[in-house]
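In this note's numbering, the protein residues as written are -13 to 272.
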């Protein structure tokens, strides 16, 4: 291109005040659970929420992916802790059909798609941090709404370390005083990975898709700087995952029930930030 000619292409989405990108995570604890489901249900729902996307197909099935995150972020004036849960379909832009490699689910879970066109199409994102809800909506066009969580996660600060993850998400509302918690359960996930052997997988950056109010498709990549631990499941181990749905009148529970029906979980993936310091046991000084 001759010097001085105007560049052509799409403009970058705006970064409204007070936000700054990239957003840096101080620590991240993350579990995801994948289900292979009937593809037409996924296509129909995706056409309503993200018309620019097409559901990916693995072994003749679409993939529903539940993604719980607990993360810390440090700001100039202090720090904040956020919990959220995404209900996603694995999808790609409609125009990119011929650029997607032919993969089965195991290859996808191991990160074999390096085009990164396969990404998460967010159907619902439930979050307990009003600032994170606003940022997700305005920066990435996430369908992000309030929720709150009760969890049990593997931790080095427990008496023993167990590979047990339990996440219960309940309804919340936003008002002038911030987040108000309600008792109504939206969904609960219980995963017992004790005794299962994981493999290290490099499956990031994870491309997250959103559709804004004008119908424009946005893509935002998430880089995680260490490998995930992937747990393939089969007929013998699928029962390690239990998903309980709450009130079917609530849209997240209704959509999940419609998509998953009685399909078993086919894979789990986890990530936990390594500790950066340890305050050790005290001792007596004479």
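Cβ coordinates follow ideal geometry from the N, Cα and C atoms, glycine included.
Nearest residue (CA-CA) to residue 111, options 202, 167 and 157 | 157
For residue 168, the first and last residue of its enclosing alpha helix (DSSP H) | Taken as a continuous stretch (DSSP letters only), residue 168 belongs to no alpha helix (DSSP H), being part of the beta strand (DSSP E) at 164 to 178.
Residue 118 versus residue 182 - alpha carbon distance = 34 angstroms
Where residue 45 and residue 67 are concerned, what is the direct C-alpha to C-alpha distance, given to the nearest angstrom?
-> 38 angstroms
Per-residue DSSP class, three states only, for residue 237 | helix
Determine the direct distance from the alpha carbon of residue 23 to that of residue 245, and round the result to whole angstroms.
-> 7 angstroms
Where does residue 55 land, buried or exposed, given buried means 16+ other C-beta within 10 angstroms?
-> buried
Given a cut-off of 9 angstroms, decide if residue 207 and residue 194 are closer than it, judged by their beta-carbon atoms.
-> yes
Look at the alpha carbon of residue 10 and the alpha carbon of residue 260, and state the distance between them as a whole number of angstroms.
-> 16 angstroms
Drop a sphere of 10 angstroms on the beta-carbon of residue 279, count the other beta-carbons inside from all chains shown, and report buried for 16 or more, exposed for fewer.
-> Only positions -13 to 272 of the chain appear in the structure, and residue 279 is not among them; the question remains open.
From residue 257 to residue 269, what distance separates their C-alpha atoms?
-> 34 angstroms
Closest Cα partner of residue 107 within the set 100, 95, 96 and 126 = 126
What residues are listed by DSSP as bridge partners for residue 265?
-> Residue 265 pairs with nothing; no bridge assigned.
Please list the segments of the alpha helix (DSSP H) lying wholly inside the stretch 46 to 106, counting only runs of 4 or more residues, in order along the chain.
-> 91 to 95
Which residue's Cα is closest to the Cα of residue 216: 17, 229, 99 and 4?
-> 17
Just the Cα atoms here: how many angstroms apart are residue 198 and residue 69?
-> 23 angstroms
Is the distance from the Cβ of residue 40 to the Cβ of residue 80 below 9 angstroms?
-> yes
Quick one: what does DSSP say residue 108 is sitting in, helix, strand or coil?
-> strand
Looking at C-beta atoms only, is the number of pairs between the stretch 122 to 141 and the stretch 160 to 174 that lie closer than 8 angstroms three or more?
-> yes
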